[in-house]
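This report refers to the structure that appears directly beneath it.
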Amino acid sequence: MSAERKFWINDPDGKLEWVALSSPLDLIKDMPRKTPKTWRGMPSADKLLKEWEDVADFLNRRCKLTVLPVASNHRYDGMFARDFGTVILDRLYLAASDAPSRRTEQLAVMTALMMQGIEYEYIPSNLTSEGADFIPIGGRTWAAGIGGRTCERAVRHLRRASGVEIRTCRKAPDKIPQHLLGGNRIVGGWLYHMPGAEHVPGFDDQTIEVPYESEVRDKLSMNWLTLGPAEVLMCDDAPQTKALLESRGIVAHTLSMREIRKMAGGFACLTLPLRRSS
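First residue of the sequence shown: 0, per numbering that gives the first Met the number 0; consecutive thereafter.
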């Protein structure tokens, strides 16, 4: 594949040029009567909308923004765009689902992205995969966490379909955070790693531990969105994680994430980077 491909995301902390953002507007119109089992709590509709609007306004001033209307009716897990698939080079790879609601959500994602010129394809229906288990680690190399919602056969399929190298690490289904993304983030050429989480291969000598368990687990402080080579957007109530980043020269912009994380996700889950500059 040529380096000139239009949507090549070849640098994990390159400057964010284009991002998809999940919208809670339809969800807010039809909030569940009781807390779904996958959530941490019931968000306030007004406060959730305010948080989302602040994120949308921040991103809209920095890059191209595509809003995905993927959460509506009883499809409450559709809030987080990054779960539906992963963009490798210029193509979105989606895991097929037997659940009618999940298929409807994926259709909304596909329609929105196709209108923006992003091509997609399903991986076979007998394979399971979620985008938050995949992390670009530079050039034509990705990392993938095996276990839980992403199976080894799905990774093998994506490796063949995309033509890129995908390094794997094994993670148990009961790992918290669930996704590879939850305990490993790459910014400024370094891997920020939560002790006890699975490691991303290839960063043995470039790893910085983030030991603040109460912030990482309870406040999802590592669920930041990388904006550039030394710049992130993170929650505003994790001072130790923020100080650690700033001590390494990372600019940490902060916004409230309190209502968003009640749905068991954060800024990284809410967004799907579509294009970065290297």
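Even glycine gets a Cβ: it sits at the ideal position worked out from N, Cα and C.
How about residue i and residue j: are their beta carbons less than 8 Å apart?
| i | j | result |
| --- | --- | --- |
| Pro123 | Lys261 | no |
| Ile27 | Leu58 | no |
| Ala267 | Arg148 | no |
| Lys63 | Glu118 | no |
| Ile259 | Ile185 | no |
| Phe251 | Glu214 | Note that residue 251 corresponds to Ala in the displayed sequence, not to Phe. No, they are not a contact pair. |
| Leu91 | Leu67 | no |
| Gly248 | Lys14 | no |
| Val199 | Ala142 | yes |
| Met109 | Leu93 | yes |
| Gly187 | Ala160 | no |
| Arg139 | Glu164 | yes |
| Gly137 | Asp10 | yes |
| Leu269 | Val54 | yes |
| Trp51 | Pro31 | no |
I think residue i touches residue j, with their Cβ atoms under 8 Å apart; what is that distance to the nearest whole Å?
| i | j | result |
| --- | --- | --- |
| Glu197 | Cys168 | 5 Å |
| Thr253 | Met233 | 6 Å |
| Leu179 | Ala19 | That belief does not hold up - the Cβ atoms of Leu179 and Ala19 are roughly 20 Å apart, past 8 Å. |
| Gly265 | Asn222 | 3 Å |
| Asp132 | Gly144 | 4 Å |
| Gly130 | Phe83 | 6 Å |
| Leu126 | Arg158 | Leu126 to Arg158, Cβ: 12 Å. No contact. |
| Val86 | Leu273 | 6 Å |
| Ala225 | Val231 | It is Thr, not Ala, that sits at residue 225 in the sequence shown. Indeed they touch by this definition, with Cβ atoms about 5 Å apart. |
| Ser21 | Phe79 | 6 Å |
DSSP puts residue i in a beta bridge; with which residues?
| i | result |
| --- | --- |
| Arg274 | Trp17 |
| Ile165 | Trp141 |
| Thr149 | Gly146 |
| His252 | Leu232 |
| Ala64 | It is Leu, not Ala, that sits at residue 64 in the sequence shown. Its beta-bridge partners are Val18. |
| Pro135 | Trp141 |
Exercise. Would you list, in sequence order, the uninterrupted beta strand (DSSP E) runs of no fewer than 3 residues that lie entirely inside the stretch 178 to 236?
Key: List check, beta strand (DSSP E) in window: 183 to 186, 189 to 192, 206 to 208, 224 to 227, 230 to 234.
Practice problem: Decide yes or no for the touch test of the stretch 240 to 256 against the stretch 174 to 193: beta carbon pairs closer than 8 Å, at least 3 of them. | Solution: Contact between the stretch 240 to 256 and the stretch 174 to 193 is present, because at least three Cβ pairs lie under 8 Å.
Exercise. May I have a chain-ordered list of the alpha helix (DSSP H) segments no shorter than 4 residues that lie completely inside the stretch 29 to 62?
Key: As for any alpha helix (DSSP H) of minimum length 4 sitting wholly inside the stretch 29 to 62, the runs are 44 to 59, ordered along the chain.
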